[in-house]
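Residue numbers for the sequence shown follow the UniProt record's numbering, beginning at 1 and rising by one.
Positions of the beta carbon are idealized from the N, C-alpha and C atoms, including for glycine.
On a predicted model such as this, the values are computed, not experimentally measured, just so you know.
What follows is a single structure, written as structure tokens, with notes after it.
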Amino acid sequence: MPDQQLSRPVTGGTRTRIRRVIRASNLSKTAMMSRLRPCTLLLLLLLLLVTMCWCATALTTVREHGAGTVPAERVRRWLNYPINGGLAKTVFGFIVPIRFHHPLPRVIVNTYNLQASYRIPANIIYPAAESVFKNRALELAQPRPDAARAALYAVLERSFDRPAAGSEGRSGRACLLRAICEVAATPLTHNGLIGEIMDVIFTPNPSEDLDPVYRLAQEHGRQQHDCLWLYPSCPKGLGIFDSISFVMQQQQQPQ
């Protein structure tokens, strides 16, 4: 009987019972792993925090007590004012394709661009003291004499104050005074827009702060004096209007 009981085959119910026990054991292992997973993550997080704290403490100790180490220093952050200034560039442009009839495929474009460069200051200019703007407003409120004509006359004098080829030379101021005298004697307003511009340039305004010699030359021209004889330092053929104009005398027939 014992041998028969040992050799008796396993019935279907026994197999089902065994399988159920195995499945129950697998479920218990899965539940145990799901419970251990949060604990493992928490331990890893604590270990990471401890490691970071230890590294920070060690770094601070090295900076404070380390021999030959450079002390900690915070580097300044530059937003718009770099060291020794800089250069800001803006480029505007457009590209136009060009049709090119050729069996070989290619791309040809025509580009037009306009660029502007601005040097960035090395230090902050604004905000400035309020007194700066107040003083500037007071300066603008005060009337200033117009020095544009004086500056233009100075440039013309320097330009014509050069020795000419084949002659002894000429005086820039004498040529300018002679031109003022000639314009006062024979105005250029009948020569269109260019003549009106020349007449405005070489006609001093009494309200402007100029050297009296300019107004004196104007008076000589109005009185029909010989401008060439008055200013011999600007010989004939070397004046401002000698190469671009001539005097045309109209003779009236007696009636």
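Please list the terminal residues of the continuous beta strand (DSSP E) segment that includes residue i.
i     : result
Ile98 : Gly86 to Ile98
Might you give, ordered along the chain, the residues of its own chain that have their beta carbon closer than 6 Å to the beta carbon of residue i, omitting 5 neighbours on each side?
i           : result
Leu188      : Gly195, Met198 and Asp199
Phe160      : Gly172 and Cys175
Arg215      : Pro204
residue 257 : As shown, the chain starts at 1 and ends at 255. That puts residue 257 outside it, with no answer to give.
Ala24       : Confidence at Ala24 is low in this model, with a pLDDT of 43, below 50, so its placement is unreliable and no value can be given for it.
Helix or strand or just coil, what does DSSP make of residue i?
i      : result
Ser117 : strand
Gly221 : helix
Leu41  : helix
Leu104 : coil
Tyr231 : coil
Leu188 : coil
For residue i, write down the residues that DSSP places opposite it in a beta bridge.
i           : result
residue 303 : As shown, the chain starts at 1 and ends at 255. That puts residue 303 outside it, with no answer to give.
Tell me where the alpha helix (DSSP H) around residue i begins and ends.
i      : result
Leu156 : Ala148 to Phe160
Ile201 : Gly192 to Ile201
Leu238 : Careful: Leu238 lies outside any alpha helix (DSSP H) and carries neither H nor E.
Glu208 : Segment: none, Glu208 is in no alpha helix (DSSP H) and carries neither H nor E.
Arg173 : Gly172 to Ala185
Ignore the nearest five residues each way along the sequence and tell me which others in residue i's own chain have a CB closer than 8 Å to its CB.
i      : result
Val107 : Pro97
Arg178 : Ala217, Cys227, Leu228, Leu230, Tyr231, Cys234, Gly239 and Ile240
Lys236 : Leu228 and Asp242
Kindly list the residues whose CB is nearer than 7 Å to the CB of residue i, restricted to its own chain and excluding five residues on each side of it in sequence; keep chain order.
i      : result
Val91  : Asn113 and Gln115
Phe94  : Tyr112
Leu210 : Arg149, Ala150 and Pro204
Between residue i and the ligand GDP, is there a pair consisting of the residue's CB and a ligand heavy atom that are separated by less than 7 Å?
i     : result
Val96 : This structure simply doesn't include the ligand GDP, nor any ligand for that matter.
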